[in-house]
Amino acid sequence: MLTPLALYMSQIIVMLAGRVSAVLEFYTTTRIEKDQTLLLALDQIAHHVGQVAERVLARAGQQRLFDAIEGVGDGIALFDKDERLVLCNRHYATAMQVIADILKPGVPFEEAVRTLAERNYYGPVDEAWIAERLRRFR
């Protein structure tokens with residue numbers, strides 16, 4: 091069993107979506123409380139490990155979300171707060187095949203709607219129709 095670092099333990103709490111997802115703690119069998127350089131190095135290591143863990147956990151969560159969306163029988167697209175495409179399932183991509191060249195993460199919703207209109211996906215529409223479609227989205 092490892093002995094906790096005397097009077098010091100390096101700990102990083104990884105938060106995702108406002109919840110604790112992981113806690114990283116560093117222990118040692120050597121008393122080093124007076125070695126400030128090593129303590130600072132451990133802090134730096136803990137910080138970087140925490141950042142890596144956060145990215146890995148975020149990717150795992152994103153993969154679970156993608157798997158759930160992909161399993162739905164209808165077309166679904168997820169846009170972020172800036173109205174940019176985050177991901178879509180294959181049913182949505184198939185339905186929007188006319189804009190396959192721009193249907194990639196990061197494309198603004200408005201650009202997708204305007205491109206669909208230009209390519210006659212909706213049939214004949216005018217600027218008022220596009221404005222109403224954007225208003226309903228927002």
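Reminder that position 40 of the sequence shown reads as 130 in my numbering, one-by-one numbering, no gaps.
Ideal Cβ positions, reconstructed from N, Cα and C, are used throughout, including at glycine.
Given that a residue counts as buried once 16 or more other Cβ atoms are within 10 Å of its Cβ, and exposed if not, what is Asn210?
-> Counting every other CB atom within 10 Å of its CB across the protein chains shown gives Asn210 a total below 16, marking it as exposed.
Gly196 vs Arg174 beta-carbon contact at 8 angstroms = In this structure, Arg174 lies closer than 8 angstroms to Gly196 by Cβ.
Val146 by DSSP, collapsed to three states: which one?
-> Collapsing the DSSP output to three states places Val146 in a helix.
Using a Cβ-Cβ cut-off of 7 angstroms (strictly less than) and excluding sequence neighbours within five positions of Ile220, which residues of its own chain qualify?
-> Beyond the five residues adjoining it in sequence on each side, Ile220 comes within less than 7 angstroms, by CB distance, of Val203, Arg204 and Ala207 in the same chain, given in chain order.
Could you pull the start and end residues of the beta strand (DSSP E) that Ala167 belongs to?
-> Note, Ala167: beta strand (DSSP E), Ala167 to Phe169.
Does DSSP classify Met99 as helix, strand or coil?
-> Confidence is the limiting factor: at Met99 the pLDDT is only 43, short of 50, which leaves the residue's position unreliable, though a coordinate-based value still follows. The three-state reading of DSSP puts Met99 in coil, since its state is none of H, G, I, E or B.
Pull up the distance between the alpha-carbon of Arg149 and that of Asp191, whole angstroms please.
-> Their Cα atoms are separated by approximately 25 angstroms.
Starting from the Cα of Leu193, find the closest Cα among Phe169, Arg225, Arg226 and Phe156 and give me that residue.
-> Among Phe169, Arg225, Arg226 and Phe156, the Cα nearest to that of Leu193 is on Phe169.
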